[in-house]
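In my numbering, the protein residues as written are 43 to 918. C-beta atoms are modelled at their ideal positions from N, C-alpha and C, and glycine is treated no differently. Quick caveat, the model's predicted, so the values are computed rather than measured.
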Amino acid sequence: MTQDTFRDKTAGGRPPEGSTPPDLSERIDPAADPVPPLAGLAPAAKSGLGLLDELSPEQLGWLSDDIDQTRVDVFARLDELYVPERQWHVQPFTEKVVSVLGPDIGDAQWRAMGVWAQLRTNLSHTRERDHLRDPVSLALRVAERKLAWTGDEIELLWQASVEPILFDRDPGSPLVLPLAVTRKLSHEAQRRHLPLMRQVQELLNRCRGWFNSQDKLNLDVLLAEHSEDDPIKAATCLVGKGDGFATLMTAEYGVRLGGPQTLPLLHHWITATPARPSATWLRRPATLLTPDAAALIREMLGRLPAYRETTTLHRYGDYERTVTTYLHPRTATPLRGMVWTCELIDEPWVVPLLGEIALAAGTGIGGSGPNPRSEMLANAALGVLAKRGGLEVVAPLARLQTKVRRRSILAKVAQILDAVAAQAGLNREQLLDRTVPTFGLGPDGVREEKAGEHVLRLALTETGTPTLTFLNPAGKAVKSAPKAVRESHGALVAEFRGTLAEMRKTLPAERLRVERALAEDRLWRWNQVEEFFLDHPVTGVHGRRLIWKILQGPAGIPVRTAEGWELTDPLGRRIQPRAETPMQLWHPIEAAVEEVRSWRDHLLEIGLRQPFKQAFREVYLLTPAEEQTGTFSNRFAGHVLRYGQAKALLSERGWTGLSLGHWDAAGGSEQGEAVKEVPGWRARWNMHLPWGSWETDGYGTPASSCVSEPIRFDRTGVEPRESVPLTEVPPLVLSEIMRDADLAVGVSSVGLDPQGQGDYWQSYNFGDLTESAEVRRDALTRLLPRLRISDRVELTERFLRVRGDLRTYRIHLGSGNILMEPNDAYLCIVPRGSFDQVFLPFEEDGGMLAVIMSKAFLLADDTAITDPSITHQIKG
């Protein structure tokens, strides 16, 4: 860092009080060509200080030793017209100058006006009342003209642009005029001004000023053209340093990115500013694209799916602000250009990679929610996928539907899927049924490839766990690749590992898709169920563990026989549907109570763990209170929820639009609405911020908690949108929406805080059971007799009562929190790890049923507890 780069704040101000201004007559070149006076330009006769009076000796030195009379007269006239104070009601300064000076302004006068404007911009940082936009607007007018600028004049323009940047005060841009003039020079003539241009670039890279980002980009582009001998510097000029991915691009790929073969492409990629590429835009990369450039695009874009946003704390005196950045616009724009260029690349890696980019960029900040990391990049990837079309784009788009929550992105995904489906003569869901990848697995869910004397084995277990193992020559399975296999068959190992990663992404997406089909009451033919849900090696791990039902007929679990697939009910009766028989997934809301009990007992008896709750699924029927309220339900209103968790769970289950936070001094987005659409219906669940939360959360932050409000329904496709009576909502639609709300409350309520307190916490933790807790109680009724601690446990209305040797405990079936008898003292136990001592028929590790069971086993043997944080509470 040098003195020339960062100058003292007093440099460039008006001369010290009492000093004698330089004698300007001595600096006027008498040999200069006379210039005819303009109509409105009389000799200077003004009072007070003018521009030349305010310049420091250093700044006067910029004007060189040949200040001619034309420049002095123009400066004086502009000083008379210029009013530093902000007077918005007066005629715009530039228009006033042009009208007063007349239509016959010559080249020299225009240049003098430009120099005055640039110098006035330079001085304005010392004058609080200067109306800075006036000289900037004049500079813009001068920049539009083609003038015969001298090298000294251009150097002066650059010198005068340094100080406004240094003092971080400019609401306009001091670069407008020097950039416009310099860009018109030849490449060789520009070299004279490179030192100052680079000094300005360095200042802009370091300051927080309100400078025009386009002017900053134009300067960087100009300097990139003079960095042909330094490819990393050239790439850095064009990509910038705005985020971690820009640093990665220049550090790891700068030599190739800024090299002679790819640099013209990079210059073109930074022009990818429209919403979509035109045919003209695509013609340029079509002529520049080489196999090496395509490989570089694949490598750089391949790093994007794993890249995540960063959070930075900014301090401004006593004020702090946290800023989360995914991609700076300077980085995102060339990346969008690369994505658009993929339209020209016919390689098998293009569609999967664009799908991963759309997923990563379209996913919400932090991994969930409706605010995508980069909607611009997600839309760019989707645009290319839409143009490619075909069945190969379906699988990556299906994953987007399960993860992305931005309505505009989901609408674009749906549009692409509908277009592909229409080409195939199907609807969207039928298309998704037919395009789930098999990953090369056989009907038994296994794929094997020989690698010399070893065998690579990729398999899916019946419960949906993907595994990759290596069989040695003796047939023994090992988990890691032997050295001989890695060295001789590295590409095959990499392919199998990549496939394993893809399987791990597809399986949960398929589980959610099948569960959505249950909630939406879809219909199939039996031969379609066999092909897409039973025989399919991936979807089949879910479909084979579900109960299927003939429309308005019996239901059963699939069983494979020598003749094909059959259905078996809890009594062992077999059903053989015909190929064209209409089928649907069984839902307990349409079954009698005894049938539901029979299926629940049967699943526990045969040890079948379903991929999601089906037999044990909660049913939410319309209550008398909801009939009374009419168009809204208060069933899950008034709960205080942890906002981030509630939003994440609702987003995963297809709800969109919820956004709460403290974004302005008035309190920010204090009201929000989560929306979910199902065929024919729309559910709306309002939320609001707790009173006073802006004081605890802080300005500029998302909400930490929210309060739930009533749930309403309306019909999709009907305008105006009006809430309908709950009695008109189909029971299945009502039940599934209420189930989502119950899950959100059950996961995110602040009542779950082990250290909580207050009326709400007490009511939530030990009050009446919700439908989900009632289902949990029903499951425990069947599970408890099977446990080795069955003689120490019993169910009451709301609690699982556990008898230990030291005390007796009551575990609430809704919250999982514990009271100790005889005085109902609260016992705080924070769950750790997973629970696998007992078969659970539906919940994954970490679910509330697993938490309750793990606490029951722990407390039944309370004398064996060694954790002092627990024993201290038990023993008092």
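Counted within 10 angstroms of its Cβ, other Cβ atoms place S416 as buried (16 or more) or exposed: Counted from its first residue, the sequence shown places residue 416 at position 374. Classification for S416: buried.
Coil, strand or helix - K718 by DSSP: For the purposes of this step, residue 718 is taken as the residue at position 676 of the sequence shown. K718: strand per DSSP, three-state reduction.
Please work out which residues of its chain come closer than 6 Å, Cβ to Cβ, to A786, disregarding the five sequence neighbours upstream and downstream, and give them in chain order. Along the sequence shown, one-based indexing puts residue 786 at 744. Closer than 6 Å at the Cβ level, and outside the excluded window around A786, lie A688, L691, L692.
Short Cβ contact (7 Å threshold) for L926 with A328: Look at the range of the chain in this structure, 43 to 918, and you will see that residue 926 is not part of it.
With the cut-off set at 7 Å, would you say R819 and L855 are in Cβ contact? Taking the sequence shown and counting its residues from 1, the one referred to as residue 819 is at position 777. Taking the sequence shown and counting its residues from 1, the one referred to as residue 855 is at position 813. Cβ distance < 7 Å, so R819 and L855 count as in contact.
Closest by C-alpha distance to V893, when choosing among G846, L842, A867: Residue 893 sits at position 851 when you count from the first residue of the sequence shown. Closest option to V893, Cα to Cα, is L842.
Compute the distance between the beta-carbons of L219 and L199, then report whether it is under 7 Å. Residue mapping note: residue 219 aligns to position 177 of the sequence shown, counting from 1. Residue mapping note: residue 199 aligns to position 157 of the sequence shown, counting from 1. Cβ atoms of L219 and L199: closer than 7 Å.
Rounded distance between the beta-carbons of A501 and G482, thought under 8 Å: For the purposes of this step, residue 482 is taken as residue 440 along the sequence shown, with counting starting at 1. For the purposes of this step, residue 501 is taken as residue 459 along the sequence shown, with counting starting at 1. Not a contact, Cβ separation roughly 11 Å.
Please return the same chain residues whose Cβ sits closer than 6 Å to the Cβ of A523, not counting the five positions on each side in sequence. Sequence index remark: in the sequence shown, residue 523 carries index 481 (1-based). Hits under 6 Å: F512, V535.
By DSSP's criteria, M625 is part of a beta bridge. Which residues make up the other side? Taking the sequence shown and counting its residues from 1, one reaches residue 625 at position 583. Looking at the DSSP assignment, M625 forms a beta bridge with W566, I592.
What does DSSP give as the partner residue(s) for P713 in the beta ladder? As a working note, residue 713 is residue 671 in the sequence shown. Checking the sequence, you will find Gln at residue 713 rather than Pro. BP columns for Q713 point to H730.
Residue-level contact to chain C via CB, L848, 7 Å cutoff: You won't find chain C in this structure, because it holds only one protein chain.
Once DSSP output is grouped into helix, strand and coil, what is the label at G961? Past the boundaries of the shown model lies residue 961; the chain is included only from 43 to 918, so the question cannot be answered.
Identity of the residue in V717, A783, D475 nearest N676 by Cα: Here residue 676 is taken as the residue at index 634 of the sequence shown, counted from 1. Closest by alpha carbon: A783.
Which one or two residues does DSSP pair with D756 in a beta bridge? Reading the sequence shown from its first residue, position 714 is the one you call residue 756. Answer is R724.
Can you say whether S805 is buried or exposed, counting buried as having 16 or more other CB atoms within 10 angstroms of its CB? One-based indexing of the sequence shown puts residue 805 at position 763. So S805 ends up on the exposed side.
Rounded Cβ spacing between T163 and I196 (contact assumed at less than 8 Å): Against the sequence shown, residue 163 aligns to sequence position 121. Against the sequence shown, residue 196 aligns to sequence position 154. The Cβ separation is near 16 Å, so there is no contact.
Should L768 and E668 be called a contact, given that it needs their Cβ atoms to be closer than 7 Å? The residue labelled residue 768 in the question sits at position 726 within the sequence shown. The residue labelled residue 668 in the question sits at position 626 within the sequence shown. Cβ atoms of L768 and E668: closer than 7 Å.
Could you tell me how far apart the beta carbons of E715 and R726 are, in whole angstroms, since I believe they sit closer than 8 Å? Within the sequence shown, residue 715 is the residue found at index 673, counting from 1. Within the sequence shown, residue 726 is the residue found at index 684, counting from 1. Their Cβ separation, rounded to whole angstroms, is 6 Å, which keeps E715 and R726 in contact under 8 Å.
Compute the distance between the beta-carbons of A159 and A181, then report whether it is under 7 Å. On the sequence shown, residue 159 is found 117 positions in, with the first residue counted as 1. On the sequence shown, residue 181 is found 139 positions in, with the first residue counted as 1. Going by C-beta atoms, A159 is nearer than 7 Å to A181.
Hey, which unbroken runs of the alpha helix (DSSP H) at 4 residues or more fall wholly within the stretch 334-385? 371-383
What residue from V114, W803, G598 has the CA that sits closest to Q626's CA? One-based indexing of the sequence shown puts residue 626 at position 584. With distances taken between Cα atoms, Q626 lies closest to G598.
Where does G397 land, buried or exposed, given buried means 16+ other C-beta within 10 angstroms? By 1-based counting over the sequence shown, the position of residue 397 is 355. With 16 or more other Cβ atoms within 10 Å, it is buried.
Is A440 closer than 7 Å to R378 when the C-beta atoms are compared? Counting from 1 along the sequence shown, the entry for residue 378 is found at position 336. Counting from 1 along the sequence shown, the entry for residue 440 is found at position 398. Their beta carbons are not under 7 Å apart, which means R378 does not touch A440 by this criterion.
For L785, which residues does DSSP report across the bridge? Stepping through the sequence shown from its first residue, residue 785 is reached at position 743. In DSSP, L785 forms no bridge with anything.
E636: buried (16+ other C-beta within 10 angstroms of its C-beta) or exposed? Your numbering for residue 636 matches position 594 in the sequence shown. It is exposed - the Cβ of E636 has fewer than 16 other Cβ atoms within 10 Å.
So A276 and E270 are in contact, right, with Cβ under 8 Å, and what is the actual spacing, rounded? The residue you call residue 276 lines up with position 234 of the sequence shown. The residue you call residue 270 lines up with position 228 of the sequence shown. Yes, they are in contact, since the Cβ atoms of A276 and E270 sit about 7 Å apart, within 8 Å.
What would DSSP say about E608, mapped onto helix, strand or coil? What you label residue 608 is simply residue 566 of the sequence shown in a count that begins at 1. In this structure, E608 counts as strand in the three-state DSSP scheme.
Boundaries of the beta strand (DSSP E) in which A428 is found, first to last residue: Walking along the sequence shown from the start, residue 428 turns up at place 386. Counting along the chain, A428 falls outside any beta strand (DSSP E), though it belongs to the alpha helix (DSSP H) covering 417-430.
Through-space distance from A337 to S179, alpha-carbon basis: Taking the first residue of the sequence shown as 1, we reach residue 179 at position 137. Taking the first residue of the sequence shown as 1, we reach residue 337 at position 295. Each residue's alpha carbon lies about 46 Å from the other.
Starting from R763 and walking both ways along the beta strand (DSSP E), at which residues does that stretch end? Along the sequence shown, read from residue 1 onward, the residue named residue 763 stands at position 721. Neither: R763 is in no beta strand (DSSP E) and is coded neither H nor E.
Reference V157, options P762, P347, L97, G286, closest by Cα: The residue labelled residue 157 in the question sits at position 115 within the sequence shown. Minimum Cα distance to V157 is reached at L97.
From what residue to what residue does the beta strand (DSSP E) around E100 run? On the sequence shown, residue 100 is found 58 positions in, with the first residue counted as 1. E100 -> not in any beta strand (DSSP E); alpha helix (DSSP H) instead, spanning 99-104.
Residue range of the beta strand (DSSP E) that includes V835: Stepping through the sequence shown from its first residue, residue 835 is reached at position 793. Note, V835: beta strand (DSSP E), 835-837.
Quick check: the stretch 894-914 against the stretch 844-851, are there 3 or more CB pairs under 8 Å? yes
Alpha carbon of A906 to alpha carbon of I871, nearest angstrom: The residue you call residue 906 lines up with position 864 of the sequence shown. The residue you call residue 871 lines up with position 829 of the sequence shown. Going by the C-alpha atoms only, they are around 15 Å apart.
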